[in-house]
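Here is the structure we will look at.
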Amino acid sequence: MKKRFYITTPIYYPSAKLHIGHAYCTTLCDVLARSKRERGYETYFLTGADEHGLKIEKNAEAKGVTPQAFVDEIVEGFFKLWDLLKITNDDFIRTTQARHEHVVQTAFTRMLNKGDIYLGKYEGWYCRYCEAFWTDTQVGKDHICPDCNREVQKAEEEAYFFKTGKYVDSLLKFYDENPKFLIPESRKNEMINTFIKPGLEDLCVSRTSFSWGVPVLENKKHVVYVWLDALTNYISALGYCSDNEELFKKFWQDEDTEIIHILGADITRFHAIYWPMFLESLGLRKPDREFVHGLLMMKDSKMSKSKGNVVDPYPLVERYGVDAVRYYLTREINFGSDGSFSPEQFVERINADLANSYGNLLNRTISMIGKYFDGAIPEYKGQVSEFDASLESMIDVTISNYEKAMDDLKITDAIIYVNELVNRANKYIDETTPWALAKDEAKKDELASVMNHLARAIYVASRLYHPVLVTASDKAFEQLGLTSSGYENINDKHLLDNLKTVKGNPLFPRLDPNVEVPFINGLMAK
Ligand code: ME8
C-alpha cells in the first residue's frame, strides 16, 4: 500500500450549472479522499473547472458577456455546490488561471521542440458540443456524433497535431504491464478495439476557429485545443514547472504516492489514451489508476447539461440534507456501473437504510442505555454470551472488508458491509432480548455486555459511514457521549466505557413517500 494519495475529479465545463451527475462524481471522490485521510494517509484531492473552448465562447456571446465573466459566474455556483455537499477538496484549479496557462504553454513548447507536435491541416467531422473531431467510421453514414448523438459538420483548418503513432506501442505495453491502470477492465478492451486497433489518428491540439483558449506562444493565431489544455490541470495544480514544485514532487513524482483519476465513461479515451501519451512525451510518470464510473441516466437517456434534462442537486440537499444525498449517490448506484435517478428509489433508500436501520439502531440503543443504566455505557467485559462473540467477530470482519473495498475503489461495496453490520446489530437486539434480561437481576452482567456491544457496533458503523454521512455520524458520536476520537481508535474495545450518552433527535426522520415522491418529481419537471 502506498503511503500517499492523489485523487482527482474531471474538471467540469462551466458552460451551464452542474447537475446531479457531476455531484455524483465529486461526492464519490470526496468519500474516497475523506476515507483515506481519516485512515491516516496523506491525501491531496483536486477538482476544478475547464473554462476554455468554443462552447463557452458561444454561450458567453449569446449572453452578451465576456467569456471570463461568464465562467466566473458559473464557477461561483460550483463553489456553492461543493460547499453544500461538504466536499473537502484541497485545491480548485481553473484553466484560466495564470498558473495553469503557464504549464500548458510550457508543455506545448516542450512537445513541439521534441518533434511530438507538428503543424498540419485538419479535416474531419467536428462536433461543436463535444468539441471533438471524429473519423468517418465513428460518425457513420448519418454523420452523428458518437458521444452526444447530434449531427456533426465537416471542418478543415490549419492545426497543430500530436504524434500519437510515436507512443502507441508504449501505451499498449503500459496497459499490459499495469492491468489495474484502467478500471473496469472492460474499458481497456474498448480503448484497444474501438480506438487503437482501427488506427489512431494524430490528435489535433490547437484551433484557429475560436480564440477563447491558451495562446500557442510560437504561433499566436492558434489556441491550445481543449484536451491538451484540460488534462494538464492534474499537474499544473501541483505546481509543475512553477517556482515551487514541492506538491508536484510529493504527489506526482514520488512513487510512494498513488495517483488516481476518477472520470466518467464519456471521457475515458482522452484520459486513457492521450493523457498517458502526453505524460510520456513530457518524461513524466503515468497515473496508477483511472477509475471509470458509470453515468446517471434519466429514464432512457444520459443526463447532460447540453440536453437540459437534469436533476438539480441543490433543492435535494436543502430538503433532505447533505447526508441523505451523499448516501443515496454512494449506495444506490454501484460505483463503476451506470445507474438511474428515481424519486421512489431515493425515498425508499433513505427510509430503509438510514431511518429504519441505522437511525433506529441508535435510537433504540440510546433509549435502552438510558433506561437500564441511567445513560452510562457499561464497561467492556469481554464476550459474555455467544451472541457477543458473534457480533464482535462481525465488527472485525466488517472493518477489514471495508478497508479492502475502499482501497479497491469499491465504495458501494464498502458501504454495504457497514449496512450489514447495522442489520446484524439490529438482529442482535432480537437475539439477546434486553427487555427480558432487564427483568432478571441475575442477568445484569449479560445486559450490560449487550449494551456495550451495541454501542460499539454503532460506533464502528458510524466511523465507517463517516466519509459519507459527514454530519449524521458526528451526531451519533455525540449521542454516544464521545467528544473526540478518530479512526485510530476503531479497534479500541474500551473506548466507550462509562461514557454518558446524550439522547438526541432521530438522525433520519422517516420520509413519507406520498409527499416526497411528488415533490422530487416536481423538481425534475422544472
Ligand atoms: O468532460 N452521470 O466536462 P463535463 C454521472 N471538461 N456523471 C456525469 C454525468 C452523468 N449524467 N454527466 C457528467 C468534461 N458527469 C471535461 C473534462 S477532465 C481533464 C476534462 C461527470 O462538465 C462525469 O465524471 O462534461 C463526466 O466524465 C464529467 O462529469 C464530464 O463533465
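Quick note: the sequence shown uses my numbering, first residue 1048, plus one each step.
Beta carbons: idealized from backbone N, C-alpha and C, even for Gly.
Give me the residue from the options with the minimum Cα distance to residue i.
i     : options                       : result
R1197 : E1203, A1206, I1307 and G1187 : G1187
R1086 : I1380, D1454 and R1471        : D1454
E1395 : Y1375, L1409 and N1407        : Y1375
S1414 : T1090, N1552 and F1052        : N1552
K1268 : D1276, S1253, A1277 and K1418 : S1253
F1298 : L1527, T1090, F1566 and R1557 : T1090
N1473 : E1535, M1344, K1296 and L1401 : L1401
V1078 : I1054, N1106 and N1160        : I1054
G1383 : Y1272, N1403 and R1234        : R1234
F1325 : K1418, F1338 and V1150        : V1150
Q1162 : V1515, G1311 and S1328        : A quick correction: the sequence has Gly, not Gln, at residue 1162. Closest option to G1162, Cα to Cα, is S1328.
R1378 : V1515, I1282 and G1246        : V1515
W1259 : V1215, K1220 and E1148        : E1148
K1227 : C1192, Q1300 and E1305        : E1305
F1555 : K1540, F1242, E1450 and S1520 : S1520
S1496 : G1533, L1438, T1182 and L1278 : L1438
L1511 : I1442, Q1152, I1380 and P1334 : I1442
V1270 : A1107, F1155, S1447 and E1450 : F1155
M1344 : D1119, K1049, H1066 and K1550 : H1066
Q1200 : M1238, Y1419 and D1189        : D1189
Is any non-hydrogen atom of the ligand ME8 found closer than 7 Å to the C-beta of residue i, if you look at the structure I gave you?
i     : result
C1072 : yes
I1239 : no
I1307 : no
D1435 : no
L1331 : no
D1194 : no
H1190 : no
P1323 : no
P1231 : no
Y1476 : Per the sequence shown, residue 1476 should be read as Ile rather than Tyr. Not so, every heavy atom of the ligand ME8 lies at least 7 Å from the Cβ.
I1134 : no
P1057 : yes
Y1060 : yes
N1106 : no
A1319 : no
L1468 : no
L1278 : yes
D1313 : yes
L1343 : yes
H1069 : yes
Could you please give the first and the last residue of the uninterrupted alpha helix (DSSP H) stretch that includes residue i?
i     : result
W1482 : P1481 to L1484
G1167 : Where G1167 is concerned, there is no enclosing alpha helix (DSSP H), although the beta strand (DSSP E) it sits in stretches over I1164 to C1174.
K1330 : First, the residue type needs correcting, since residue 1330 is Gly and not Lys in the sequence shown. Looking at the DSSP string, G1330 is not in any alpha helix (DSSP H), and its letter there is neither H nor E.
F1117 : P1114 to L1131
L1438 : E1433 to D1454
R1081 : I1067 to E1085
Y1222 : V1215 to E1224
I1134 : Looking at the DSSP string, I1134 is not in any alpha helix (DSSP H), and its letter there is neither H nor E.
D1189 : Careful: D1189 lies outside any alpha helix (DSSP H) and carries neither H nor E.
I1320 : No alpha helix (DSSP H) contains I1320, which DSSP labels as neither H nor E.
R1503 : K1491 to Y1512
Assuming residue i and residue j are in contact, meaning their beta carbons sit under 8 Å apart, how far apart are those beta carbons, in whole angstroms?
i     : j     : result
I1140 : N1291 : Not a contact, Cβ separation roughly 15 Å.
L1501 : I1476 : 7 Å
I1230 : R1336 : 6 Å
Y1492 : V1431 : The sequence given here has Asp at residue 1492, not Tyr. At roughly 6 Å, the Cβ-Cβ gap stays under 8 Å, so D1492 and V1431 are in contact.
R1373 : T1074 : 5 Å
F1180 : C1251 : 6 Å
T1135 : A1080 : 6 Å
At which residues does the beta strand (DSSP E) containing residue i begin and terminate?
i     : result
F1052 : R1051 to Y1059
L1339 : According to the sequence provided, residue 1339 is Val. The question's Leu does not apply to it. Its beta strand (DSSP E) spans residues R1336 to H1340.
E1365 : Premise fails: E1365 lies in the alpha helix (DSSP H), P1360 to Y1367, not in any beta strand (DSSP E).
A1206 : Q1200 to F1209
I1309 : T1304 to G1311
G1095 : E1089 to A1096
F1242 : F1242 -> no beta strand (DSSP E), and no H or E assigned at all.
F1139 : D1138 to R1141
Comparing the C-beta of residue i with each C-beta of chain C, is any distance below 8 Å?
i     : result
Y1427 : Of the protein chains in this structure there is only one, and it is not chain C.
Q: Could you name each continuous alpha helix (DSSP H) segment of 4 residues or more that falls completely within the region 1359 to 1427, going from the start of the chain to the end?
A: With a minimum length of 4 residues, the continuous alpha helix (DSSP H) runs that stay inside the region 1359 to 1427 are 1360 to 1367, 1369 to 1379, 1390 to 1396 and 1407 to 1420.
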